[in-house]
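Chains as they are written, first to last, in the UniProt record's numbering: chain A, 1 to 357; chain B, 1 to 357; chain C, 1 to 357.
We treat Cβ as the ideally placed atom computed from N, Cα and C, and that holds for glycine.
What follows is a short report on a single structure.
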Amino acid sequence: MTSIVRNQWYVAAYGREVGREVFGRTICGESILFWRREDGSATAMSDRCVHRRFPLSEKPSHLVGDTVVCGYHGFTYDADGTCVAVPGQTRVPRTARLKSYPVVEQDSFVWVFIGDDDRSDTVPIPRAPWLDQEGYTTVSGMEPLAARASLLVDNLMDLSHETYLHGGYIGTPEVANTPITTEVDEDAQVVYVSRHMDDADCPPFYAKSTGIEGRIVRWQDIEFHPPCLYLLHSRVAPVGTLPNEDGTDPGGFHVEVVYAITPETEHSTHDFWAVARDFALEDEGVSDFLRESNRTVVLQDVVALDALERVLAGEPDGYQELSINIDTGGLAARRIMAAQAAAGAEQVPESPAALAR
Amino acid sequence: MTSIVRNQWYVAAYGREVGREVFGRTICGESILFWRREDGSATAMSDRCVHRRFPLSEKPSHLVGDTVVCGYHGFTYDADGTCVAVPGQTRVPRTARLKSYPVVEQDSFVWVFIGDDDRSDTVPIPRAPWLDQEGYTTVSGMEPLAARASLLVDNLMDLSHETYLHGGYIGTPEVANTPITTEVDEDAQVVYVSRHMDDADCPPFYAKSTGIEGRIVRWQDIEFHPPCLYLLHSRVAPVGTLPNEDGTDPGGFHVEVVYAITPETEHSTHDFWAVARDFALEDEGVSDFLRESNRTVVLQDVVALDALERVLAGEPDGYQELSINIDTGGLAARRIMAAQAAAGAEQVPESPAALAR
Amino acid sequence: MTSIVRNQWYVAAYGREVGREVFGRTICGESILFWRREDGSATAMSDRCVHRRFPLSEKPSHLVGDTVVCGYHGFTYDADGTCVAVPGQTRVPRTARLKSYPVVEQDSFVWVFIGDDDRSDTVPIPRAPWLDQEGYTTVSGMEPLAARASLLVDNLMDLSHETYLHGGYIGTPEVANTPITTEVDEDAQVVYVSRHMDDADCPPFYAKSTGIEGRIVRWQDIEFHPPCLYLLHSRVAPVGTLPNEDGTDPGGFHVEVVYAITPETEHSTHDFWAVARDFALEDEGVSDFLRESNRTVVLQDVVALDALERVLAGEPDGYQELSINIDTGGLAARRIMAAQAAAGAEQVPESPAALAR
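Below, the structure is given as structure tokens:
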């Protein structure tokens, strides 16, 4: 069975990637074309011409007003995917229509619904408001991963790897040494993993961006919305500086690290990453530093996870992993995603009215 | 079932490609060695030494007189494929013999028969006499295509794509807009598709080569001999200039565009292309321009068809295409080729004499 | 069935390749990590962390004293493969243990046993003492081969190919023309192939290294220990110069050419080669010349065998080869290796005591 969870919203792109040029991306194995109408709204449809399956994202395919023209024989589609012109004849076949996809723009992302369109209204889109909110400054990017999405989920749910894989950037000994607490909200389908370090080394990522000298309080509060959106609420402050009782926290520095995890295929993933901060809002130097540092960290993960994917591809099925306490959050995420995949694979039942006939 | 039509002659090479060096090319999945005897005649045989299957086209294999010597252990074969020397012993095993292939040189091409050799005499080789005929000047080339041959057949049978894929070279709006007529000669196994434009833009390909200024009469008369030889009889002339009633046509410019479509494997194709003209015969500038222009057009097709092959490779079987009027010729070609493939796959029946024993 | 012979010792590396850095190599399809303890002894274990299968040979995995630390989450193993530390908790799971491999260093090689460790003591390691012996100077290297090991065995057992593939280096006409004698010692599992040329051209490999001018006596005495170690005892001397009756041979130049043939996977091979000589022991110029010449010859084989592997990959199973007298040694080697592969694939039988219960 496929490991990809269907009947879910996924991040397909940053809003800035979609414009007045045809833009193709494979999401959960489906080849999808994205573009904006002249009024600025984004649209998504199958990236395969109904005639001979030429990719509409491939040159010389192009936009003309609110239509896209196939670069092979000129079949022309409107923003809903309806074919409005074909070559050599005036009659357009009635069945000439591209599959169109539900699209929502939110929190700087273009979200697309993969599954039965009927269900799109019933599935909530998780939020990452900081990415597009006053009071925060965000740097972001996307790295292609030649590895299955579950390897990235494993990676992010267990931050003890920061100490080893990302030493010198975001890892210090305390991350691996400090135990975690894990909570699962089965109703909301959210996994929480927290690690609060009261007295920890300050890694360069935070030292250079916040200006703190000396040791720190470092909180890592993970909130994962399987299968697709990972939030790391990160708080650092000088040792001993805690939030006020009323929840205000003038002495803390807050970083919201967001990963949108979107399967491209069964064995490759779009790894969207964003880092939003509530300090040094106008400081380009801090933005450049955080962008470069986080990208370096993501690429360290990419190298490691691509290597793991090659390992798994060469393994017989059913090999045994060994899991320990640090894996509690990752195992919870796997369990929820397996249930989601099973539910998403179910057929839409016929409606009672249909059955009554 | 394989889509490759067997028991057919195919273009394996231009005559100029085959000489006194070993030359290997895969035709319809068969690895074949081509070379010329000292008397200049071409020969074709299996490209795999009978001993350990070393490719005879691979260095240091080489010709010695009218023999080819394997570069691994020195097994030596004559022009009929018979082994005439082996290392370390004087006796040559009686069964040491390479499969030899029927070869015919015609119209500048080296044709090879793929199938049961017994049938080669019964299968006609289609003609493209202009390529090697006084009164015509020809430019030609071959581009490797990482796509199945049928995609190239589809492409060439429906020239409405010129308007979109080859705009600025050979396409103008009239090509896509003008309806076609299609005829199929079932006995001769030929598909004809004609598009006669009485008043059309003159694309650069013809404007620069003929010198015509202004609009043109443009006739495109396709004559396809499935599975392997495609002829486009192209006539352009100033608007209003038609052939005389006796068939002479002093006011027209004639270009014979020839494609030999040879499967390399199930999913790759040798795309031989040639452009013969009956004007500006000695003009090197026109030759250079037509060679460069046609090669550019062929490479535009290569990019598009290679993309389509990747699309098809990723599709589930049995996806639905939508066909319209422009596809009539291509669909007829597909039908004939499917019948040819089925017939070519049949076993040669035992002869009645054999059965009587 | 796999063609790889299990329950055998194989050369995994030169001793000089294994040190105080983690070093991974795939041997017979198994991913193995090699390193040296602080006391200098070599050790070998599975190259996959028990936690999430990260390769321990991949950066930032590294050694700390006599332990190896996984670069992903810091799982730490001692030289026997026992896990001694994990992140976030003090208790180490009892089952956290890497498979460890028997290792022997001998004749400049690191040998590893592939199979049931219990049997390692019962399987002898063949010797190539010259590579690490006073009175000899050795040059050596390893080239990766994208071809199955049996193609290299075929190649080395039939040196008639020197005349064709290695002409100008080690091949002369006499090699292909001189018949061989073949002997098989079934008990010791050794194949001997000899070719004694009394009056032969001296190829550059020997002319430049020995200084002999004019024609030579050239003996090639192959001693192959299937599946893994190939020895070519080579003697050259001026024409007419033979060993003394007591076996001493002051007029002869002796070269011991050694190949260790180690399957990496079913379709790729580590091709270790070494050339030991008993003359010009201190002459760096001769060492450089022989190293460069033999590497060139090995790379000629690599090109040819990689081509053959591609040929075989494209062939239907069960094609017919044609074998002649020169193939006697190679066929004997194949037969022994097939028997070894069948024996190696057998399960270790349960002990009689176990059966009695």
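| N- and C-terminal bounds of the beta strand (DSSP E) containing C:A85 | Run containing C:A85: 83-85, per the beta strand (DSSP E) assignment.
| query | For the region 137-154 of chain A against the region 300-312 of chain A, are there 3 or more C-beta pairs whose distance is under 8 Å? | reply | yes
| query | Does C:Q89 get closer than 8 Å to chain A when you measure Cβ to Cβ? | reply | yes
| CB contact flag (C:V112, C:A176, <8 Å) | The answer is no: Cβ separation not under 8 Å.
| task | Answer yes or no: do A:Q189 and A:G115 have a C-beta to C-beta separation smaller than 8 Å? | result | In this structure, A:Q189 keeps its C-beta atom at 8 Å or more from the C-beta atom of A:G115.
| field | Under 8 Å from the C-beta of C:E309: neighbouring residues of chain A | value | For C:E309, no chain A residue has a C-beta closer than 8 Å to its own C-beta; the minimum C-beta separation is roughly 19 Å.
| Of all the beta strand (DSSP E) runs that stay within the bounds of the UniProt domain "Rieske" (9-112) of chain C, which reach a length of 3 or more residues? | 23-27, 30-36, 42-46, 62-64, 67-69, 76-78, 83-85, 103-106
| message | Rounded to whole angstroms, what is the Cα-Cα separation between A:V50 and B:Q300? | response | A:V50 and B:Q300 have their C-alpha atoms some 21 Å from each other.
| query | Taking C-alpha atoms, which residue in A:H267, A:T67, A:L331, A:Y72 lies nearest to A:A79? | reply | Proximity to A:A79 across A:H267, A:T67, A:L331, A:Y72 peaks at A:T67, based on C-alpha coordinates.
| request: Could you tell me how far apart the beta carbons of B:T163 and A:G74 are, in whole angstroms, since I believe they sit closer than 8 Å? | output: 6 Å
| Buried or exposed by the 16-neighbour rule on C-beta atoms within 10 Å, applied to A:M337 | In the assembly as shown, A:M337 is a buried residue. Its beta-carbon has 16 or more other beta-carbons within 10 Å.
| task | Could you run through the region 130-164 of chain A and flag, in chain order, every residue whose CB is less than 8 Å away from some CB of chain C? | result | From the region 130-164 of chain A, only D154, D158, S160, H161, T163, Y164 have a Cβ closer than 8 Å to chain C.
| Over what stretch of residues does the beta strand (DSSP E) that includes C:Y230 continue unbroken? | 229-238
| Does C:L242 get closer than 8 Å to chain B when you measure Cβ to Cβ? | Interface criterion not met: the Cβ of C:L242 is under 8 Å from no Cβ in chain B.
| Same chain only: Cβ atoms within 6 Å of A:R235, ignoring 5 sequence neighbours per side | W219, G252, H254
| query | Roughly how many whole angstroms lie between the Cα atoms of C:T210 and C:S160? | reply | Approximately 22 Å, taken between the alpha carbons.
| message | Less than 8 Å between the beta carbons of B:D271 and B:V303, yes or no? | response | If you check the CB distance, B:D271 and B:V303 do not come in under 8 Å.
| message | Within 8 Å, do at least three Cβ pairs link the region 274-291 of chain C to the region 121-138 of chain C? | response | yes
| message | Buried or exposed for C:P203, going by 16 or more other Cβ atoms inside 10 Å? | response | buried
| field | With 16 other Cβ atoms within 10 Å as the buried cut-off, status of C:R20 | value | exposed
| query | With burial defined as no fewer than 16 other Cβ atoms inside 10 Å of the residue's Cβ, what is the status of A:A354: buried or exposed? | reply | For A:A354, the predicted model reports a pLDDT of 34, less than 50, meaning its position is unreliable and no value from the coordinates is stated.
| query | Using the beta-carbon of each residue, which ones in chain B are nearer than 8 Å to C:L322? | reply | V50, H51, P93, T95, A96, listed in chain order.
| field | Cβ of C:P179 within 8 Å of any chain B Cβ | value | yes
| chain C contact residues for B:G74, given Cβ-Cβ distances below 9 Å | S160, H161, T163, Y164, A176
| Counted within 10 angstroms of its Cβ, other Cβ atoms place C:A313 as buried (16 or more) or exposed | exposed
| task | Measure the C-alpha to C-alpha separation of A:F289 and A:T296 and round it to an integer number of angstroms. | result | 11 Å
| Exposed or buried, which one is C:R6 when buried takes at least 16 other CB atoms within 10 Å? | buried
| request: Measure from the alpha carbon of C:D107 to the alpha carbon of each residue in C:E256, C:L331, C:L322, then state which is nearest. | output: C:E256
| Segment limits, beta strand (DSSP E) that includes C:S194 | 190-200
| said: In the DSSP output, which residue or residues are listed as bridge partners for B:D271? | reply: B:E143, B:I261
| Is the beta carbon of A:I4 less than 8 Å from the beta carbon of C:G88? | At least 8 Å separates the beta-carbon of A:I4 from that of C:G88.
| task | Helix, strand or coil for A:F253, going by three-state DSSP, please let me know. | result | strand
| task | For A:G115, name the three-state secondary structure that DSSP assigns. | result | coil
| Does the separation of the CB atoms of B:V191 and B:L231 fall below 8 Å? | no
| said: Contact defined as beta carbons within less than 8 Å: I believe C:R25 pairs with C:F34. What is the distance between those atoms, to the nearest angstrom? | reply: In this structure, C:R25 and C:F34 form a Cβ contact; the two beta carbons are roughly 7 Å apart against a cut-off of 8 Å.
| request: Assign C:V286 to buried or exposed, taking buried as 16 or more other Cβ atoms, counted over all protein chains shown, within 10 Å of its Cβ. | output: buried
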